[in-house]
Amino acid sequence: MTTVREIMSQDLVAVEPSVTMMGAVEAMSVNHAGSVLVLEDGALIGIFTERDVLRALHQPGNADAVRVSPVRSWMTSDPDTIGAEASVGEALDHMLTGGFRHLPVTERGVVVGVVSMRDLARSLAKPDQQTRNG
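To convert, note that position 102 of the sequence shown is 86 in my numbering; the numbers rise steadily by one, no gaps.
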């Protein structure tokens, strides 16, 4: 059984809640990530994803004001998490049920990684496809 720990990204891309939405987008872009964790004093308080960017920019009003608003205004607060020892199947079920593409991974209440739908798909791909696409 493959665990989330084996496939998750341990390179945490994180911002403070006061960072502007554009600052969060820049962190995502520079790190080639589809989400950033929002940490306050080291504790996970939210997640900000590509979907949040689209939702924010779709709001009626001044797009420039939205771009400089704090990420706290647009993040998903208190996001679901999964344990590092959960199986890939459990993570997939959790993400499909919740409609997420990124899921913070915790161990003893501390964020230790992020698992994405892409990570899960790669881990479930046939071994010969992984070799070809490696």
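Even glycine gets a Cβ: it sits at the ideal position worked out from N, Cα and C.
Asked, Found
"Using the DSSP secondary-structure output, state which residues sit across from E24 in a beta bridge.", "A27"
"For P54 and N46, I'd like the C-alpha separation in whole angstroms.", "15 Å"
"Taking C-beta to C-beta, are L28 and P63 nearer than 9 Å?", "yes"
"Throw me the rounded Cβ distance for the M(-15) and V22 pair, which I believe falls under 8 Å.", "Not really, about 31 Å apart at Cβ, beyond 8 Å."
"If you reduce the DSSP assignment to three classes, tell me which class G83 lands in.", "coil"
"According to DSSP, what are the bridge partners of T4?", "P54"
"Measure the beta-carbon distance from V99 to I66 and round it to whole angstroms, keeping in mind my assumption that it falls under 8 Å.", "7 Å"
"Nearest-angstrom Cα distance between V95 and V89?", "6 Å"
"Just tell me which of T4, D(-5) and I31 has its CA closest to the CA of N15.", "D(-5)"
"Would you say the beta carbon of F84 comes nearer than 8 Å to a heavy atom of the ligand GDP?", "The model on display carries no ligand, and the ligand GDP is accordingly not part of it."
"Helix, strand or coil: how does DSSP classify V40 here?", "Sequence inspection shows Ala at residue 40; the Val mentioned does not correspond to that position. Helix, per DSSP."
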